Amino acid sequence: MKKKSQLMLMGAALSAVALVASGCTNAGDGASGDQVTLVVWDYYGSASPIVAAVPEFEKTHSNIKIKVEPLDWDSMLDKFPVAVSSGAAPDLATLDMTWLPTFASGGLLTELDEVSNGAINGQALSEVYNEGALNAMKYEGKYVAALYDFDAYCLYYRSDILQEKGLSVPTTWAEMLETAKAMAEDTNGDGNADKYAMQILPDSFHFAQYLNQNGGSFLNSDWTEAKFNDAAGVGALEYMKQLLAAGGIYWGPDQGDSTGMPGIKDERIGMFVNGPYMMGVIKDGAPEQSGKWAIAPAPEGKQQGSYLGGTGLAIPTGAKHADAAWEFLQFLLEPENQELLFTVAGAAPATIAGIERPALTAPDPYFGGQSPFEYFEEAMSTATPFPYVAQWDDIDSRVSEALEGALLGASTVQDALDGAAKPVNSELSK
Amino acid sequence: MRFSNQVAPVARGRRGGISVLPRKFVLHSLLIISSLLMLFPFIWALSTSLKEAKDVFDPSGGVIPNPISFDAYVNVFTKIAFSQYFLNSVIVTVLIVGLNVLFDTLAAYAFAKLKFPGRDVIFGVLLITLMIPSQVNLVPLYRFMVWLHQVFPFLGVDTLSGIVMPTMVQVFGIFLLRQFFASIPDSVVEAARLDGAGEWRILWRMIFPIAAPAIATLVIFTFLSAWNDFLWPLLISNSEASRTLPVGLTLLSRKNTVNWPETMAGSVVTIVPMIIVFLVLQRRFIEGIAAGVTK
Amino acid sequence: MIAPAVIILGAMSLWPMLQSLIWSFTKYSGLGDATWVGLNNYLDLFQDARFQQATLNTVIFAVVTMAIGPALGLGAAILLNRKMKGRAFYRAAFFIPVTTALVAVATVWKLLLNDSGVINLVLELIGLEGHQWLGDPNTALLAVCAASIWQGFGFEMVIFLAALQSVPVELLEAASLDGAGPWRRFWHVVLPSLRPTFIFVYVIGLIGGFQVFDQVYVMTQGGPVNSTLTIVYYLIDRFRGLDLGHASAVAYVLVLILVALSYLQIRLARRWA
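Protein chains in written order, with this note's numbering: chain A, 41 to 470; chain B, 4 to 298; chain C, 103 to 375.
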């Protein structure tokens, strides 16, 4: 009798759990027939070009339902490896291209050749993408993601202030220093620029920009050893330091905002180097500065060059509906849906046909009637992705550390970079 | 036994009436200033949530927003599913608290008042788990939830049950209650047994009422940690339908561009229910914690 | 009666613990097979400068918060341990942060500490210079400590309040009869009787302090220049890099530290009590 009441209580408790649980699982997975529910993990957030493409896709593919689960960049990084390696993979995910080496080497990504037959929407890959993009999509010679939007850097500047101060658009590193110096103001006299300053971000992306322009690279050609602490690397970081001293504002990760939007808004930032997605960000965040901004190719160092990155669409290992995911992936790469990247998220489509869409080449009043896209397209042609080694995650944090240390004056440029190179080399030798 | 209410070094001025006033004045000024300092972050969060995004860092802004805007709250509840998150948080918290009271009490009673082989060994093993940082269990636990979800689609990963299960029994709770139960004389239990009462009846009719203060402590601690837990719910919940407030808040605050009014509105929505619960149950809260830790 | 608890704890706690203990001796990316590497993961950790930094930061965090938090808590408890007007209000003001989600208050602190945030604004108003609190490697960890102390000391206050209530009046009266003033009574009667409470506060506080994570995750993500990298944040970082072997090893190093600390505290407690 004691047992009985105990069991009853247990039963009641368990059924309470079950009740709640079942109320919150979404139906669909077990649906009958050919009906498939595709789960997509999407880090674009509230302005998602993927969400925008869903209704049209579902109309033309009546057997596929799309369930988009919105995440942000960091949460994706936290959740994706755990979920996929535990067999709870979504069917399709947006991944930052810099994550690919770690994820691909961990076996988390399906090789696209398995589903693609070498073509996207009936076109050969080489017709869909330019060569830089194709290289960025490969890990150890196999395609593991399809580039969705791309990121390559140009110079954003406050054209109104430039004009007011009688300056011209800088085209070389030396001119850039002069312009930064002439443009920035120090309103509180503490020796640091705090108005119209050049934004200096201590991250691998921006270091890559200067490194490439200075003829350097992160690793040697067979990716076995650090090279970022050679003369070209030191020169690149020294230049960042000079820029910071001349008229720069340090924008560390503690700002909680990698875009610099608060600083752009209150006019602490007057110039910065960043990717096309920033066009959407500043239009959204600072509509009152419309007409005051312009874009130009990033000032040239020893050579043209840029960081190349972006978002890839990948089908994780263990995806339940890889074929349907491939259908949707191809759909997202169709030119009119690539255009959504620009119109919805303000980002840059990665396919050749996507970049040529009329919406992208139209003059943009926010940027004083410029059609800035061509500059980014140009930048992409000389851009280099990060080295695709499994240890990139680690290299990235070591390099960022060195950048922060050197830019904040905690150590000299050479020491900081050497200090990062040592553990990187020992990691690479494993 | 008599207990003292006046043990502080600055005990009430007995020596003369003159020193009483300034001393009181100093004391209250000190307390008022520090209270305001303590509450300031909340006041500022509330103030920011009612500002327009462009005014957040306006140096002349002050505490009272001008103009007052409720847009952030509207957005948080319409653009983002905060009402769903809120409901989920309530369900998860109620379940975790309820299940802990049930399971922890049962186990604690058994460990304290029943004799069975291996009792102390099992208890010792359970205590070891207290030392493990919960983060290390994330991946194995996640896999367990994936497996469970495959066997029972309504349980495990991406369901509220997945959030609840890892903390529905807590060693801490068993430990706390066992200490309390142990202080109840065995003779009381023996007498009841002789009167023919079953263990079940003894537990619910006798022990449970006596143990009310300790159970209150358990409820409070569990309540706090369940409502505020964040990393595990973040991992285990994929769809909006299974996200809790702290998860929703993190997603909100880490978007590429931080919208401070919206982020603060989310924080306020997460924080305020706890403050209200605390204010309503203030005495119980403080006495509950005290009872739990001074035993 | 213990069956439900034991079964649940076995599945949700013991089993995962054993699994990660095994992983800590392997090289394992989460997919495919794990390869046995013996103690190598542990040895790697001791040679890794980042892990050393993380351990150092964690120790600093624990020491700073444990040096200031309980002192503030005891101070507040002493001030509030009497009948007075507004006592409930003051007590609530000090305790409310304890009830709130770390994620939420860490977000609020990020706003307060922002470059153009209200803290710098006030500093500039009174003629001091603002500072990039979370951006400067020299101050970021302290800023995280400050937010944590603010959030946590109300808990210690409540515990000390309870303990003060149970100081036997007879002892105090005896001391008064011997002519002891308030300070002497405090040092010689009150403080000694608070010993068990101190031990409790420090055991709980140190275990919590060594596991600090949420604040760092929200406020600084371990930066700048690793200045706020803590042991548990390092562990999560290893997870992200699909390095379950090292991640698990980190957890067990932490367990060893905590077991050693708890043992030490219990020894000290025995000697003092």
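We treat Cβ as the ideally placed atom computed from N, Cα and C, and that holds for glycine. Only a predicted model underlies this, so the values are computations on that prediction, with no experimental measurement involved.
Give the range of the alpha helix (DSSP H) segment to which residue i is assigned.
| i | result |
| --- | --- |
| glutamine 343/A | No alpha helix (DSSP H) contains glutamine 343/A, which DSSP labels as neither H nor E. |
| methionine 267/B | 263-283 |
| glycine 394/A | 392-395 |
| valine 93/B | 85-116 |
| phenylalanine 143/A | 140-145 |
Could you tell me whether any Cβ in chain A is nearer than 9 Å to the Cβ of residue i?
| i | result |
| --- | --- |
| proline 199/C | no |
| asparagine 222/C | no |
| arginine 122/B | no |
| proline 239/C | yes |
| asparagine 259/B | Because asparagine 259/B sits at a pLDDT of 49, beneath the cut-off of 50, its placement in the model cannot be relied upon, and the following sentence gives the value as read from the coordinates. It does; some Cβ of chain A falls within 9 Å. |
| isoleucine 83/B | yes |
| valine 327/C | yes |
| threonine 332/C | no |
| serine 250/C | no |
| isoleucine 162/C | no |
Indicate whether at least one CB of chain B lies closer than 9 Å to the CB of residue i.
| i | result |
| --- | --- |
| threonine 157/C | no |
| phenylalanine 127/C | no |
| tyrosine 188/A | no |
| leucine 370/C | no |
| serine 86/A | yes |
| serine 125/A | yes |
| arginine 193/C | yes |
| glutamine 234/C | no |
| threonine 65/A | Below a pLDDT of 50, predicted positions are generally treated as unreliable, and threonine 65/A, at 40, falls in that range; the measurement from the model is reported next regardless. Yes, threonine 65/A lies at the interface with chain B (some Cβ there is under 9 Å from its Cβ). |
| tyrosine 144/C | no |
| valine 352/C | yes |
| threonine 137/C | no |
| valine 439/A | no |
| valine 246/C | no |
Along the chain, where does the beta strand (DSSP E) that runs through residue i open and close?
| i | result |
| --- | --- |
| threonine 335/A | Per the sequence presented here, residue 335/A reads as isoleucine, with threonine not at that position. 333-337 is the span of the beta strand (DSSP E), which, as asked, contains isoleucine 335/A. |
| isoleucine 210/B | Segment: none, isoleucine 210/B is in no beta strand (DSSP E) and carries neither H nor E. |
| methionine 238/A | 237-240 |
Residue i versus chain B: which residues are under 8 Å apart at the beta carbon?
| i | result |
| --- | --- |
| glutamate 109/A | Asn241, Ser242 and Glu243 |
| serine 346/A | Within chain B, no residue comes near serine 346/A; the closest Cβ sits about 20 Å away, beyond 8 Å. |
| lysine 119/A | Leu237, Leu238 and Asn241 |
| serine 122/C | Val139, Asn140, Val142 and Pro143 |
| aspartate 316/C | Phe233 and Leu234 |
| serine 115/A | Leu237, Thr253, Leu254 and Arg257 |
Find the residues of chain B that neighbour residue i, judging by a C-beta separation of less than 7 Å, and give them in chain order.
| i | result |
| --- | --- |
| methionine 114/C | Leu144, Met168 and Pro169 |
| alanine 128/A | Val149 and Val160 |
| proline 106/C | Phe106 and Leu109 |
| glutamine 313/C | Pro136 |
Spell out whether any CB of chain C is found under 9 Å from the CB atom of residue i.
| i | result |
| --- | --- |
| glycine 201/B | no |
| valine 184/A | no |
| aspartate 455/A | no |
| asparagine 231/B | yes |
Below 8 Å on C-beta distance, what does residue i contact in chain A?
| i | result |
| --- | --- |
| valine 77/B | Those within 8 Å of valine 77/B in chain A number zero; the least Cβ separation is about 14 Å. |
| phenylalanine 231/C | Sequence inspection shows glutamate at residue 231/C; the phenylalanine mentioned does not correspond to that position. Those within 8 Å of glutamate 231/C in chain A are Asp230. |
Under 9 Å Cβ-Cβ, which residues of chain B neighbour residue i?
| i | result |
| --- | --- |
| valine 207/C | Pro44, Phe45, Ala48, Ser270 and Ile274 |
| valine 429/A | Near valine 429/A there are no residues of chain B at all, since even the closest Cβ is about 24 Å away, more than 9 Å. |
What does residue i touch in chain A if you count any residue whose Cβ is under 7 Å from its own?
| i | result |
| --- | --- |
| leucine 34/B | Here the premise fails: no neighbours, minimum Cβ distance about 33 Å. |
Report the neighbours of residue i on chain C: residues whose CB is nearer than 8 Å to its CB, in chain order.
| i | result |
| --- | --- |
| methionine 134/B | Ile309, Val357, Leu360, Val361 and Ser364 |
| alanine 450/A | Pro239 and Val327 |
| threonine 357/A | Leu133 |
Less than 8 Å between the CB of residue i and some heavy atom of the ligand PLP, yes or no?
| i | result |
| --- | --- |
| glutamate 96/A | The model on display carries no ligand, and the ligand PLP is accordingly not part of it. |
Give the interface partners of residue i over in chain C, defined as CB-CB distance under 9 Å, in chain order.
| i | result |
| --- | --- |
| proline 463/A | Asp150, Ala151 and Arg152 |
**Message:** Against chain C, which members of the segment 142-165 of chain A pass a CB distance test of less than 9 Å?
**Reply:** Thr142, Phe143, Ser145, Gly146, Gly147 and Leu148
**Length-filtered (4 minimum) alpha helix (DSSP H) runs lying within the segment 182-256 of chain B** = 189-197, 215-231, 234-239 and 248-256
**Message:** Can you pull out the residues from the segment 282-307 of chain A whose beta carbon lies closer than 8 Å to at least one beta carbon of chain B?
**Reply:** Gly296, Asp297, Ser298, Thr299, Met301, Pro302, Lys305 and Asp306
**Request:** Could you name each continuous alpha helix (DSSP H) segment of 4 residues or more that falls completely within the segment 372-455 of chain A, going from the start of the chain to the end?
**Result:** 375-385, 392-395, 398-401, 413-421 and 432-447
**Request:** Just list the alpha helix (DSSP H) runs in the segment 171-222 of chain C, keeping only unbroken ones of 4 residues or longer that don't cross its boundaries, in chain order.
**Result:** 189-201 and 204-215
**Message:** Going residue by residue through the segment 253-313 of chain A, where are the continuous beta strand (DSSP E) segments of at least 3 residues, counting only ones entirely within it?
**Reply:** 288-290
**Asked** In chain order, which alpha helix (DSSP H) runs of at least 4 residues are fully inside the segment 124-169 of chain B?
**Response** Listed in chain order, they are 141-154 and 163-167.
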